[in-house]
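Trainee: Handing you this structure, nothing more for now.
Number of protein chains: 2
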Amino acid sequence: MNYVLAIVTGFNVSGAEEVTLKARGSAISRAVDVAEVVRCRFLRGVEIGKIEIGSEEMRIEEMNRTRTVSTMEITLTRSKPKPRAKPKRKRSQKRKEE
Amino acid sequence: MNYVLAIVTGFNVSGAEEVTLKARGSAISRAVDVAEVVRCRFLRGVEIGKIEIGSEEMRIEEMNRTRTVSTMEITLTRSKPKPRAKPKRKRSQKRKEE
């Protein structure tokens, strides 16, 4: 939830046009969760932009060797506001009297 | 490693032009690992194509409710073969004698 808050702050407080999430290893699935929660629940006007995956060497000091880990970058972009559709008139509801 | 083997088989035995990996939840990071292993170690002529993320409702029978899980699709495509660069000559290795 901290990541979600950070992204929402980036868009709404800092006024960013795009925010990039970066994750590696097993945190990748969490990054996807965060992007989806932001897009579907918090910021409706934000869309998934570019998604990139890759891999990088990571040094493990304890074992004195390197390990390859997968990386991911998800760019969230603020979409242009669409022209609003005219609100539909409410139809008078007919109720069946019992 | 079974997933890697399945993709390699898809490209080399079945002759597919593209293979799509689908994963959801915590398996997403593994799908990225698989795509990277295939691309970097097994099939050099394969590139990452389209990557899509999303979410779907999943029914949990035991608890009799639904849960939203993140999903991911990675499309691997066979790239056009590039003209080969000339192989570099091996330099003779100089060793320090102790």
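Just so you know, the sequences run in chain order Y and L. Throughout the first sequence, residue numbering follows my numbering, covering -19 to 78 in sequence. Throughout the second sequence, residue numbering follows my numbering, covering -19 to 78 in sequence. For each residue, glycine too, the CB sits at the ideal point set by N, CA and C. Treat the numbers as computed from the prediction; the structure is a model and nothing was measured.
Alpha carbon to alpha carbon, how far is Arg19(L) from Gly34(Y)? Give it in angstroms, no decimals.
Mentor: Looking at the two C-alpha atoms, the distance is approximately 10 Å.
Trainee: Closer than 8 Å by beta-carbon distance: list the chain Y residues that pair up with Ser59(L), in chain order.
Mentor: Those within 8 Å of Ser59(L) in chain Y number zero; the least Cβ separation is about 16 Å.
Trainee: Closer than 7 Å by beta-carbon distance: list the chain L residues that pair up with Val12(Y), in chain order.
Mentor: Ile8, Ile33, Ser50, Met52
Trainee: When the Cα atoms are used, what is the spatial distance from Glu27(Y) to Thr57(Y)?
Mentor: 5 Å
Trainee: Within 8 Å, do at least three Cβ pairs link the stretch 6 to 13 of chain L to the stretch -1 to 14 of chain Y?
Mentor: yes
Trainee: Which residue marks the beginning of the beta strand (DSSP E) containing Val18(Y), and which one marks its end?
Mentor: That residue, Val18(Y), is in no beta strand (DSSP E); it is neither H nor E in DSSP.
Trainee: Using DSSP bridges, identify the partner residues of Met43(L).
Mentor: According to DSSP, Met43(L) bridges with nothing at all.
Trainee: Does the stretch -2 to 5 of chain Y come close enough to the stretch 40 to 58 of chain Y to have 3 or more Cβ pairs within less than 8 Å?
Mentor: yes
Trainee: State the DSSP-derived secondary structure class of Ala(-4)(Y), mapped to helix, strand or coil.
Mentor: Ala(-4)(Y): coil per DSSP, three-state reduction.
Trainee: So with Cβ pairs under 9 Å, would you call Glu78(Y) a contact of chain L?
Mentor: Any reading at Glu78(Y) must be qualified, since the residue scores a pLDDT of 49, below 50, and its modelled position is unreliable; the value itself is stated next. Judged by the 9 Å Cβ criterion, Glu78(Y) is not in contact with chain L.
Trainee: Please work out which residues of its chain come closer than 6 Å, Cβ to Cβ, to Lys30(Y), disregarding the five sequence neighbours upstream and downstream, and give them in chain order.
Mentor: Answer for Lys30(Y): Thr55, listed in chain order.
Trainee: Using a Cβ-Cβ cut-off of 9 Å, state whether Glu(-2)(Y) counts as contacting chain L.
Mentor: no
Trainee: Run through the DSSP bridge pairs and tell me what Arg4(Y) is partnered with.
Mentor: Thr51(Y)
Trainee: If you reduce the DSSP assignment to three classes, tell me which class Ser59(Y) lands in.
Mentor: coil
Trainee: Cα-Cα, which of Met(-19)(L), Val(-12)(L), Tyr(-17)(L) is closest to Arg24(L)?
Mentor: Val(-12)(L)
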